[in-house]
Structure formats: C-alpha cells, structure tokens
Amino acid sequence: MAENVKGELRMSIESRKVSESMVQTVHMVRPNHLNAAGRLFGGILMQWIDEIAGLVAKRHAHMNVITASVDNLRFLKGAYQKDVIVIKGKVTYVGNTSMEVKVDTYVEDIDGGRTPINHAFFTMVALDENDRPAPVPKLELETEADREDWEKAKKRREIRLMRKEEGF
C-alpha cells in the first residue's frame, strides 16, 4: 500500500496492460501550423507528439512525468494544409522509473487510409510529489506485437546507455 498526496492509503498497482495507456489524437493542419514551404512545421508536430508521449506515460504511471529524451525522430513525409493528422502512442518498455513510449504519426485520407509521416521513441520518467524519479508499474504484454516492441525497445535502451557512457 502507498499513501497519496492527501495522506489516504491506496493499493499500489503492480502492472498495467499496454492497452490501458494507449492514446490517439487527431489534428487538422491549419494555416498557422505551416512553415514557409507550406508544410506542417516540424516544431508543431514535435509539440503534438511530445504531448501524446506525456499522456501515455502519465496514464501508465498515474503520476506526473517528464520527457528525458527523444530517439529516432524521423520525418518520413510532409503534411499540408487541411491534412488530417492521426497520432498514436503506446508504452513499449518499462524500467524502474522510466518508460519508452512509441509515437507514430499518420496522414489520414478521406477513406480512412493512413500514410506514416513520423515515428519517434520517447523516454519518459515518472515523478513523485517532490519531482523526484518514482517507480512505475510493470508492463503487461498482451500480444505478440507487444512482445516484439518490448524486445526492440530493450535494444534501443542498450544503445542509449552505451551512447551515454561514450558521451554522445
């Protein structure tokens, strides 16, 4: 059992399913979202995907979170005025106080087809009421895709740690 901010006792949750923290949002690209080339400004998209990563992590941890890093942020294709942007996020890996959140972004056409335009992996850290890193629930892998995401996330984590040791 753990105590919440009001001093009440609550049961701590040992684990959560991937599906419990998934988030999807939809945006319409408007003129104020465009850069000088008439495409969706990368900074706007980065804001949107960071917000999704934060929401996913907050849903998993049930506490405040911060973005520690962003890996493999890849712009695959441009988006233009009036495009419908769909952003999907999910937890792919959980450590002690951190989580990896995968965020995929698509342009959705009038028939519902989706074309990938951006992929990114965020490392999010849970924070307690004193803004210190706090333990997060374990991740229940429900599907084969979840297990594959977990294994790939472990490899990315190893690379991040290696790069950190080497000063990159």
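Residues in the sequence shown are numbered consecutively from 426, following this note's numbering.
Ideal Cβ placement from N, Cα and C applies to all residues, glycine included.
query, result
"On a Cα-Cα basis, can you pick out the residue from E567, T450, V511 that is closest to T540?", "V511"
"Between the C-alpha atoms of K579 and N555, what's the straight-line distance to the nearest angstrom?", "29 angstroms"
"First and last residue of the alpha helix (DSSP H) that includes G467?", "467-486"
"Between which two residues does the beta strand (DSSP E) harbouring M453 extend?", "448-453"
"I'd like to check one pair, K515 with E439: are the Cβ atoms closer than 9 angstroms?", "no"
"What are the partner residues of D571, as DSSP defines its beta bridges?", "Beta-bridge pairing links D571 to no other residue."
"Would you kindly work out how many angstroms separate the C-alpha atoms of N497 and N543, rounded to a whole number?", "10 angstroms"
"Starting from L564, follow the beta strand (DSSP E) in both directions and report where the run begins and ends.", "563-565"
"Measure how close the beta-carbons of V528 and I491 come, nearest whole angstrom, since I'm counting them as under 8 angstroms.", "Contact doesn't hold; Cβ gap of about 16 angstroms is too wide."
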